[in-house]
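Protein chains in written order, with this note's numbering: chain Z, 578 to 679; chain Y, 3 to 285.
In this text, a Cβ means the ideal position worked out from N, Cα and C, and glycines have one as well.
In what follows, a single structure is set out as structure tokens and then discussed.
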Amino acid sequence: MRRDNPLESVDQVYEVFARKDRADRFEHVGTVQAPSAELARVYAWQTYDEAKWFEMAVARRDAFYRVNREEAPFTLGGPPPVGEGSEADFDTPAGYGGAVAR
Amino acid sequence: MSELETAARTFKSPDDLPQGAREPMGELLLILADNKRLLGMRYADWILGAPALEAGIACSAMAQDEWGHGRIVYAMLRDFDFDPHHLEHEREASEYRSSELLDGPARSWSELLALNLLLDTALSVQFEAMAESSYEPVHYKVQKLLDEERFHFEHARGWTARLAATPKGRASLEEAFEPAFGSCLRWFGSADDPVEAALEGAGIVDAGPDLLRARWLARVGPVLARAGLELAGERETGEWATALVPEWNDDWMPGWRRTDTGGPDEDTLRRVRGDKNRPLLMD
Numbered sequence: 578m579r580r581d582n583p584l585e586s587v588d589q590v591y592e593v594f595a596r597k598d599r600a601d602r603f604e605h606v607g608t609v610q611a612p613s614a615e616l617a618r619v620y621a622w623q624t625y626d627e628a629k630w631f632e633m634a635v636a637r638r639d640a641f642y643r644v645n646r647e648e649a650p651f652t653l654g655g656p657p658p659v660g661e662g663s664e665a666d667f668d669t670p671a672g673y674g675g676a677v678a679r
Numbered sequence: 003m004s005e006l007e008t009a010a011r012t013f014k015s016p017d018d019l020p021q022g023a024r025e026p027m028g029e030l031l032l033i034l035a036d037n038k039r040l041l042g043m044r045y046a047d048w049i050l051g052a053p054a055l056e057a058g059i060a061c062s063a064m065a066q067d068e069w070g071h072g073r074i075v076y077a078m079l080r081d082f083d084f085d086p087h088h089l090e091h092e093r094e095a096s097e098y099r100s101s102e103l104l105d106g107p108a109r110s111w112s113e114l115l116a117l118n119l120l121l122d123t124a125l126s127v128q129f130e131a132m133a134e135s136s137y138e139p140v141h142y143k144v145q146k147l148l149d150e151e152r153f154h155f156e157h158a159r160g161w162t163a164r165l166a167a168t169p170k171g172r173a174s175l176e177e178a179f180e181p182a183f184g185s186c187l188r189w190f191g192s193a194d195d196p197v198e199a200a201l202e203g204a205g206i207v208d209a210g211p212d213l214l215r216a217r218w219l220a221r222v223g224p225v226l227a228r229a230g231l232e233l234a235g236e237r238e239t240g241e242w243a244t245a246l247v248p249e250w251n252d253d254w255m256p257g258w259r260r261t262d263t264g265g266p267d268e269d270t271l272r273r274v275r276g277d278k279n280r281p282l283l284m285d
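Below is the structure:
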């Protein structure tokens with residue numbers, strides 16, 4: 578990401594959830610960075626357009642309360658250092674823009 | 003024919019349209035198609051270089067939407083004896099009916115936002131007026147288009163508020179929005195526009211120029227006001243109004259909704275017609 582961009586200094590990370598069908602559970606599909614919830618909604622809808630979603634919602638990352646882990650939920654901070662964060666390493670967060678961490 | 007009978011009638015093809023409404027309908031569709039096509043290109047110009055990665059993705063999505071809408075409308079023009087291939091690939095600049103705001107690229111992010119908020123919304127207001135159109139081929143296409151446009155408007159609203167939060171950002175909005183605002187205000191045409199009168203009379207659109215302008219103002223006014231731009235204000239009655247009075251001088255072309263100033267610039271024309279890939283055109 579272009580961290581030198583002053584516009585991004587006010588951006589917040591929003592977690593994006595969606596489900597394809599009314600019967601499905603919400604799934605965490607990724608994150609967007611946006612200066613407002615309004616734009617986060619637009620970005621989420623236009624970025625994660627791989628399915629015809631029944632429902633999509635965004636929530637600010639800092640709105641989540643940690644339950645059993647020290648780190649913030651979902652994706653944390655920047656991308657993992659090279660060589661780390663492989664698929665087998667379930668304890669390492671996926672990093673910015675990492676889709677569903679499984 | 004009484005007003006009630008006219009309102010209840012529906013037309014399945016251009017040949018069913020009342021005498022005097024067929025040509026105006028073709029003109030309106032061409033205006034809308036050209037604006038969608040060119041606006042899509044302006045969004046695409048900013049896929050790279052938008053102030054945030056997400057905004058670039060949004061521009062890409064909006065460009066795709068606009069081109070899709072343009073395609074649908076160009077295809078409809080086949081029924082009006084236009085050749086869509088000719089329309090899309092073989093016209094001269096002066097034959098394009100797109101707004102003069104689209105003749106050249108948006109030079110700043112604020113100029114792109116002016117197109118996003120003001121012009122894109124003007125087009126949506128015009129399409130919305132056909133949501134219950136007596137011309138069935140249009141009627142059935144409008145809703146999906148408007149669903150997609152909802153996000154374009156929210157993108158514009160979010161970014162306008164974001165830029166307005168800093169003095170520098172607001173100054174750049176002011177510079178870009180003022181000319182675009184006047185141009186869009188005029189785009190709906192004069193109250194006695196003959197093309198629009200024919201369309202309204204046949205129930206193809208549900209409103210004339212003044213009412214469309216009022217609907218557009220009610221949509222963009224609150225966004226402009228929230229950004230501190232003094233282009234429109236709310237009356238005590240709840241209506242939105244502007245002190246700006248549009249003028250339709252001699253170079254205004256009704257049926258084109260633009261001024262007679264030559265059309266898109268050369269580079270735009272080359273790209274919009276797909277000149278580079280002309281040998282590959284199959285149909």
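- If the five residues before and after Z/Ala636 are omitted, its C-beta is found closer than 6 Å to the C-beta atoms of Glu592, all from its own chain and listed in chain order.
- About 16 Å separates the beta carbon of Y/Ala57 from that of Y/Gly42, a gap too long to meet the 8 Å contact definition.
- Using a Cβ distance threshold of 8 Å, Y/Ala182 and Y/Leu103 count as a contacting pair.
- Contacts between Z/Arg618 and chain Y, judged by CB atoms closer than 9 Å, involve Phe153, Glu156, Gly160 in chain order.
- Counting along the chain, Z/Gly607 sits inside the beta strand (DSSP E) bounded by residues 604-611.
- The segment 207-236 of chain Y contains, as complete alpha helix (DSSP H) runs of 4+ residues, the segments 211-228 (chain order).
- A straight-line Cα-Cα distance of about 43 Å links Y/Glu90 and Y/Arg237.
- In the structure shown, Y/Trp69 adopts helical secondary structure according to DSSP, grouped into three states.
- Contact of Z/Gln589 with chain Y is not assigned, every C-beta pair being separated by 8 Å or more.
- Between the C-alpha atoms of Y/Asn251 and Y/Cys186 there is a straight-line separation of about 15 Å.
- Fully enclosed alpha helix (DSSP H) runs of no fewer than 4 residues occupy 5-10, 24-47 of the segment 5-65 of chain Y, in order along the chain.
- Per the DSSP secondary-structure output, Z/Phe594 pairs in a beta bridge with Z/His605, Z/Ala634.
- Your pair Y/Arg259 and Y/Trp161 does not check out as a contact, with CB atoms roughly 26 Å apart and the cut at 8 Å.
- If you check the CB distance, Y/Val197 and Y/Gly265 do not come in under 8 Å.
- Closest option to Y/Ile33, judged by alpha-carbon separation, among Y/Leu282, Y/Arg228, Y/Glu268, Y/Met255: Y/Met255.
- Residue-level contact check: Z/Trp622 touches chain Y, since one or more beta carbons of chain Y fall below 8 Å from its beta carbon.
- Put simply, the CB of Y/Arg109 is far from chain Z, with every gap to its CB atoms at 8 Å or more.
- Interface annotation for the segment 203-222 of chain Y against chain Z: empty, criterion Cβ-Cβ distance under 8 Å.
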